[in-house]
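Peer 1: A single structure is presented below for examination.
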Amino acid sequence: MKHFPLRLALGLSLAFGVSTAALAQAADNSHRLPPKKEEFSFEGPFGTYDRGALQRGFQVYKEVCGACHALQHVAFHNLAERGGPGFTEAQAKGIAAGYKIPAEPNDKGETTDDKGERLTRPGILADYFPSPFPNENAARANNGGALPPDLSMIIKAREAGPNYVYSILTGFHQTPPHGFAVTKDKYYNPYFEGRNIGMPPPLQANSVTYNDGTKATVEQEAHDVVTFLAWASEPKMEERKQMGFSVLIFLIAFAGVLFAAKKKLWADVH
Amino acid sequence: MSGPSTYTPKSGIEKWLDQRLPLPRLMHDTIHTFPTPKNLNWWYVFGGILTFCLVTQIVTGIVLAMHYKPDATLAFGSVEKIMREVNYGWLIRYIHANGASMFFLAVYIHMFRGLYYGSYKAPRELIWIIGVLIYVLMTATAFFGYVLPWGQMSFWGATVITNFFTAIPLIGTHIATWLWGDFAVGDATLNRFFSLHYLLPFVIAGVVGLHIWALHVPGNNNPLGIDVKSPQDTVPFHPYYTVKDAFGLVVFLIFFALFVFYAPEFFGNPDNAIEANPLVTPPEIVPEWYLLPFYAILRSIPNKLLGVIALGAAILILAFIPWLDTSRVRSCRFRPTMKWLFWFFAIDCVILGYCGSQPVDAAIAGISLVWIARAGALYYFGFFFPIMPLVGIFETPKPLPASISQPVLGE
Numbered sequence: 011m012k013h014f015p016l017r018l019a020l021g022l023s024l025a026f027g028v029s030t031a032a033l034a035q036a037a038d039n040s041h042r043l044p045p046k047k048e049e050f051s052f053e054g055p056f057g058t059y060d061r062g063a064l065q066r067g068f069q070v071y072k073e074v075c076g077a078c079h080a081l082q083h084v085a086f087h088n089l090a091e092r093g094g095p096g097f098t099e100a101q102a103k104g105i106a107a108g109y110k111i112p113a114e115p116n117d118k119g120e121t122t123d124d125k126g127e128r129l130t131r132p133g134i135l136a137d138y139f140p141s142p143f144p145n146e147n148a149a150r151a152n153n154g155g156a157l158p159p160d161l162s163m164i165i166k167a168r169e170a171g172p173n174y175v176y177s178i179l180t181g182f183h184q185t186p187p188h189g190f191a192v193t194k195d196k197y198y199n200p201y202f203e204g205r206n207i208g209m210p211p212p213l214q215a216n217s218v219t220y221n222d223g224t225k226a227t228v229e230q231e232a233h234d235v236v237t238f239l240a241w242a243s244e245p246k247m248e249e250r251k252q253m254g255f256s257v258l259i260f261l262i263a264f265a266g267v268l269f270a271a272k273k274k275l276w277a278d279v280h
Numbered sequence: 003m004s005g006p007s008t009y010t011p012k013s014g015i016e017k018w019l020d021q022r023l024p025l026p027r028l029m030h031d032t033i034h035t036f037p038t039p040k041n042l043n044w045w046y047v048f049g050g051i052l053t054f055c056l057v058t059q060i061v062t063g064i065v066l067a068m069h070y071k072p073d074a075t076l077a078f079g080s081v082e083k084i085m086r087e088v089n090y091g092w093l094i095r096y097i098h099a100n101g102a103s104m105f106f107l108a109v110y111i112h113m114f115r116g117l118y119y120g121s122y123k124a125p126r127e128l129i130w131i132i133g134v135l136i137y138v139l140m141t142a143t144a145f146f147g148y149v150l151p152w153g154q155m156s157f158w159g160a161t162v163i164t165n166f167f168t169a170i171p172l173i174g175t176h177i178a179t180w181l182w183g184d185f186a187v188g189d190a191t192l193n194r195f196f197s198l199h200y201l202l203p204f205v206i207a208g209v210v211g212l213h214i215w216a217l218h219v220p221g222n223n224n225p226l227g228i229d230v231k232s233p234q235d236t237v238p239f240h241p242y243y244t245v246k247d248a249f250g251l252v253v254f255l256i257f258f259a260l261f262v263f264y265a266p267e268f269f270g271n272p273d274n275a276i277e278a279n280p281l282v283t284p285p286e287i288v289p290e291w292y293l294l295p296f297y298a299i300l301r302s303i304p305n306k307l308l309g310v311i312a313l314g315a316a317i318l319i320l321a322f323i324p325w326l327d328t329s330r331v332r333s334c335r336f337r338p339t340m341k342w343l344f345w346f347f348a349i350d351c352v353i354l355g356y357c358g359s360q361p362v363d364a365a366i367a368g369i370s371l372v373w374i375a376r377a378g379a380l381y382y383f384g385f386f387f388p389i390m391p392l393v394g395i396f397e398t399p400k401p402l403p404a405s406i407s408q409p410v411l412g413e
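Written out as structure tokens, the structure is:
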């Protein structure tokens, strides 16, 4: 969507600005590199989400990212909706039941047990993905002061979102340029602004075991989880593009009829 | 048109109504038989398109307001709920969000068309001035609306714009506090912005009524900029212009639909997908594209108060064009000098818009954009004064055709 040709036609010369900015930054290695260009199934006017990638990506989120990153705007029932990862309602119920949701007050009005631990209950379809940490302070305390961002909108919230997140996930384990100081407790990642990132390299080969036989390389895992997060950002994308196609066909036909009517009507006006 | 009404009530109901509340007569005279110059070109379809945009924004906005929560802790989540859980909520919101950009695109074409054909000149000064008022109201409405999703750019955009008022000496800070309802942009600000965002479109609708009323007294200007001389110069508005405008509208809708369905975030800013956080300032705070030229003018002036005054003056000067332009000829078709200066002005607005979209310290080929914006701002104001009055005096216009029918017949 971001590479739509109208961007050129509308002509705010954005590309011009970006290229000059990139030149200016090339010499300065504290700024980030432009993201890699990865091909995704959901790009272009007819692009859809690859169901396999969505399900594998969900597995990566659940088993890896979800340890630190929330997904607060996505509900379990979304997993079984049209245009989504294609889980059945029973599967989505099973996934929900595997999560512990902070419980509503019990009959005695309590929300914590005797030791002060938060009471929980299994998730249901109506629930949203629970946050891995009870609040921002707890999240920061567990992550060296850095706050792991919520991922439900991460693809929309970054310029060139899919490529950006893919580049971050596959951009670790590189040797910093000569003289570049990696901050203590941070990791070098040239695709992150400042190049010092608080997130340790999240994906390794075989971080997950795919049950469809796909080989779990870092690139594959990154590609899959970006597809899943793109869906989380824009769950109605497939419906939108399909409806857009019908709307455009109708409008173009209607415009043709009106143009013919206009021509006939005005033929006698001189 | 101010001429005698040609309406004759046919049925009994029409006769009854005509003696009490002559609505059918009004519709007949203003929409049906209204004599319209027959030489209006495609640039004239945008008035109808703008009416459509206003209605669309109001209808989609009312539906969005049924699901939106104007509360700083709930607003962002309620918008996401519209996008994910409300039936066709994504469609309604994308129409509304992109509709704002389409509305401004159409209004700018409409304004430049009026500028080129001299539609602001006597006897149409009030149509133009009411139009400027509509534009100011639109800007305010769009600004309030952009704050409502309560993303990072909503919050920080609101902070930057409302801070303009602190530039006023002595009482500026108090005015800002009064506007915020707090000591910074916060929940109280969001609440009142929602209230105003709901109110102003209906004010716009009322002022649009005045705009059309004022138009229907002298009638349309036209690309030749000469008066209608005889009935041969006109056609009835319906069906000639209803069908032409309908075609123009549908072509516009195709363009609109491309954004809604295939690039809905084109005009958006990624930072607005992050919930407002008063503790984290985005690296660049950029207004929506339709305000960028004015933003560039503001930033080109190093003094805050003078910058804000220049920003206001850049919009208000439009209201004085009817008297700044001293030419007796309306249309730039017959104004060899003004024609070029007009196109320079249009390009200047695009350059200013580009400057406004870039970081403050950006440069092209070693020339700081701030200086380009300064040159652009100089021409922006220079175009209205002294260029407009002086060119009107010294320019020799081309001979005008005797009537609208004559050149059309000659072609």
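Just so you know, the protein sequences line up as chains Y and Z, in that order.
Heads up: take any position in the first sequence, counting from 1, add 10, and you land on the working numbering.
Heads up: take any position in the second sequence, counting from 1, add 2, and you land on the working numbering.
We put the CB at the ideal spot given by N, CA and C, even for glycine.
These figures come from a predicted structure and were not determined experimentally.
1. State the Cα-Cα distance for the pair Z/L19 and Z/S7, rounded to the nearest angstrom.
2. Fully enclosed by the segment 158-242 of chain Z, which beta strand (DSSP E) runs are 3 residues long or longer?
3. Less than 8 Å separating the beta-carbons of Z/Y242 and Y/L135?
4. Write down the C-beta distance between Y/T180 and Y/V228 rounded to the nearest angstrom, noting that I regard them as a contact closer than 8 Å.
5. Measure the CB-CB distance between Z/F254 and Z/I51 and report whether it falls below 8 Å.
6. Using a Cβ-Cβ distance cut-off of 8 Å, determine whether Z/P272 contacts chain A.
7. In this structure, what does DSSP give as the bridge partners for Y/N206?
8. Please report the distance separating the alpha-carbon of Y/M247 from that of Z/G314.
9. Just grab the DSSP bridge partners of Y/Y138 for me.
10. Determine the direct distance from the alpha carbon of Z/Q360 to that of Z/A367, and round the result to whole angstroms.
11. Kindly provide the ranges of any alpha helix (DSSP H) runs that are 4 or more residues long and lie completely inside the segment 62-136 of chain Y, ordered along the chain.
12. Taking the alpha-carbon positions, what's the Z/V61 to Z/I97 distance?
13. Which word fits Y/D123, buried or exposed, when buried means at least 16 other C-beta atoms lie within 10 angstroms of its C-beta?
14. Looking at the unbroken alpha helix (DSSP H) that takes in Z/P401, where does it start and where does it end?
15. Please list the residues of the segment 306-319 of chain Z that have a C-beta atom closer than 8 Å to any C-beta atom in chain Y, keeping them in chain order.
16. Mind checking Y/G108: buried by the 16 CB within 10 Å criterion, or exposed?
17. From Y/E73, Y/L157, Y/R128 and Y/I207, pick the residue whose C-alpha is nearest to that of Y/N147; which is it?
18. Going by DSSP, what residue range makes up the alpha helix (DSSP H) through Z/T143?
19. Compute the distance between the beta-carbons of Z/T38 and Z/F239, then report whether it is under 8 Å.
20. What's the call for Z/F257, buried or exposed, on a 16-neighbour Cβ count within 10 Å?
21. Of all Cβ atoms in chain Y, is any one closer than 8 Å to the Cβ of Z/K71?
22. By how many angstroms is the C-alpha of Z/L326 removed from the C-alpha of Z/G394?
23. Assuming Z/Y122 and Z/G116 form a contact by the criterion Cβ under 8 Å, report the distance between their Cβ atoms to the nearest whole angstrom.
24. Can you check DSSP and say which residues form a bridge with Z/E16?
25. Whole angstroms is fine: what's the gap from Z/Y297's alpha carbon to Z/G355's?
26. Would you mind working out which of Y/N88, Y/G133 and Y/G93 sits nearest Y/G104, comparing C-alpha positions?
27. Does the count of Cβ pairs from the segment 147-167 of chain Z and the segment 275-287 of chain Z closer than 8 Å reach three?
28. Beta strand (DSSP E) containing Z/T58: first to last residue?
29. Tell me whether Z/A404 is buried or exposed, calling it buried when 16 or more other Cβ atoms sit within 10 Å of its Cβ.
30. Check for me: the alpha helix (DSSP H) holding Z/T244 runs from which residue to which?
31. Taking only three categories from DSSP, how would you classify Y/G155?
32. Within 10 angstroms of its Cβ, does Y/A149 collect 16 or more other Cβ (buried), or is it exposed?
33. Could you give the distance in angstroms between the alpha-carbon of Y/L33 and the alpha-carbon of Y/L81?
34. Which residues of chain Y have a Cβ atom closer than 7 Å to the Cβ of Z/F249, listed in chain order?
35. By DSSP, does Z/A99 sit in helix, in strand, or in coil?
36. Determine whether the beta carbon atoms of Z/Y148 and Z/E290 lie at a separation below 8 Å.
Peer 2: Let's see:
1. In the second sequence, residue 19 of chain Z corresponds to position 17, counting from 1. In the second sequence, residue 7 of chain Z corresponds to position 5, counting from 1. When rounded, the distance between both Cα atoms is 16 Å.
2. 236-238
3. In the second sequence, counting from the first residue as 1, residue 242 of chain Z sits at position 240. In the first sequence, counting from the first residue as 1, residue 135 of chain Y sits at position 125. No.
4. If you number the first sequence from 1, residue 180 of chain Y lands on position 170. If you number the first sequence from 1, residue 228 of chain Y lands on position 218. That pair is a contact at about 6 Å.
5. The residue labelled residue 254 of chain Z in the question sits at position 252 within the second sequence. The residue labelled residue 51 of chain Z in the question sits at position 49 within the second sequence. Taking 8 Å as the Cβ cut-off, Z/F254 and Z/I51 qualify as a contacting pair.
6. Among the chains of the structure shown, chain A does not appear; the protein chains present are Y and Z.
7. Working through the first sequence from its first residue, we reach residue 206 of chain Y at position 196. Y/Y198, per the DSSP bridge assignment.
8. Here residue 247 of chain Y refers to the residue found at position 237 when the first sequence is read from its first residue. Here residue 314 of chain Z refers to the residue found at position 312 when the second sequence is read from its first residue. So the alpha carbons of these two residues sit roughly 40 Å apart.
9. Within the first sequence, the letter at position 128 stands for residue 138 of chain Y. Y/A85.
10. Taking the first residue of the second sequence as position 1, residue 367 of chain Z is located at position 365. Taking the first residue of the second sequence as position 1, residue 360 of chain Z is located at position 358. If you take the alpha carbons of Z/A367 and Z/Q360, they lie about 14 Å apart.
11. 99-107
12. Within the second sequence, the letter at position 59 stands for residue 61 of chain Z. Within the second sequence, the letter at position 95 stands for residue 97 of chain Z. One C-alpha to the other measures close to 10 Å.
13. Here residue 123 of chain Y refers to the residue found at position 113 of the first sequence. Y/D123 comes out exposed.
14. Residue mapping note: residue 401 of chain Z aligns to position 399 of the second sequence, counting from 1. No alpha helix (DSSP H) holds Z/P401; DSSP gives it neither H nor E.
15. none
16. Mapped onto the first sequence, residue 108 of chain Y falls at position 98. Exposed, by the Cβ-count rule.
17. One-based indexing of the first sequence puts residue 147 of chain Y at position 137. Comparing Cα-Cα distances from Y/N147 to each of Y/E73, Y/L157, Y/R128 and Y/I207, the minimum goes to Y/L157.
18. Translated into the one-based positions of the second sequence, residue 143 of chain Z becomes position 141. First-last of the alpha helix (DSSP H) with Z/T143: E127 to V149.
19. By 1-based counting over the second sequence, the position of residue 38 of chain Z is 36. By 1-based counting over the second sequence, the position of residue 239 of chain Z is 237. Result yes, Cβ atoms of Z/T38 and Z/F239 sit closer than 8 Å.
20. Start at 1 with the first residue of the second sequence, and residue 257 of chain Z comes out as number 255. Exposed, since its Cβ has fewer than 16 Cβ neighbours within 10 Å.
21. Numbered from its first residue, the second sequence carries residue 71 of chain Z at position 69. Z/K71 does not count as touching chain Y.
22. Taking the first residue of the second sequence as position 1, residue 394 of chain Z is located at position 392. Taking the first residue of the second sequence as position 1, residue 326 of chain Z is located at position 324. C-alpha separation (whole angstroms): 9 Å.
23. Position 120 of the second sequence, counted from the first residue, corresponds to residue 122 of chain Z. Position 114 of the second sequence, counted from the first residue, corresponds to residue 116 of chain Z. About 6 Å; that satisfies the 8 Å criterion.
24. As a first step, residue 16 of chain Z is located in the second sequence; it is residue number 14 there, counting from the start. Beta-bridge pairing links Z/E16 to no other residue.
25. Counting from one through the second sequence, the residue named residue 297 of chain Z turns up at place 295. Counting from one through the second sequence, the residue named residue 355 of chain Z turns up at place 353. Straight-line Cα distance between these residues: approximately 8 Å.
26. As a working mapping, residue 104 of chain Y is identified with position 94 in the first sequence. Ranking the options by Cα distance to Y/G104, first place goes to Y/G133.
27. yes
28. Locating residue 58 of chain Z in the second sequence gives position 56, counting from the first residue. It is not in any beta strand (DSSP E) - Z/T58 instead sits in the alpha helix (DSSP H) that spans F48 to H69.
29. Within the second sequence, numbered from 1, the residue matching residue 404 of chain Z stands at position 402. With fewer than 16 Cβ atoms within 10 Å of its Cβ, Z/A404 is classed as exposed.
30. Locating residue 244 of chain Z in the second sequence gives position 242, where the first residue counts as 1. Per DSSP, Z/T244 belongs to the alpha helix (DSSP H) from T244 to Y264.
31. For this step, residue 155 of chain Y is matched to residue 145 along the first sequence. Three-state DSSP puts Y/G155 in coil, outside helix and strand.
32. For this step, residue 149 of chain Y is matched to residue 139 along the first sequence. The residue is buried, with at least 16 neighbouring Cβ atoms inside 10 Å.
33. Here the question's residue 33 of chain Y lines up with position 23 in the first sequence. Here the question's residue 81 of chain Y lines up with position 71 in the first sequence. Per-residue confidence for Y/L33 stands at a pLDDT of 47, beneath the threshold of 50, marking its modelled position as unreliable; the derived number appears in the next sentence. Each residue's alpha carbon lies about 36 Å from the other.
34. Numbered from 1 along the second sequence, position 247 holds the residue referred to as residue 249 of chain Z. A265, L268, F269 and K272, listed in chain order.
35. Within the second sequence, the letter at position 97 stands for residue 99 of chain Z. DSSP places Z/A99 in helix when its eight states are reduced to three.
36. Residue 148 of chain Z sits at position 146 when you count from the first residue of the second sequence. Residue 290 of chain Z sits at position 288 when you count from the first residue of the second sequence. Cβ atoms of Z/Y148 and Z/E290: closer than 8 Å.
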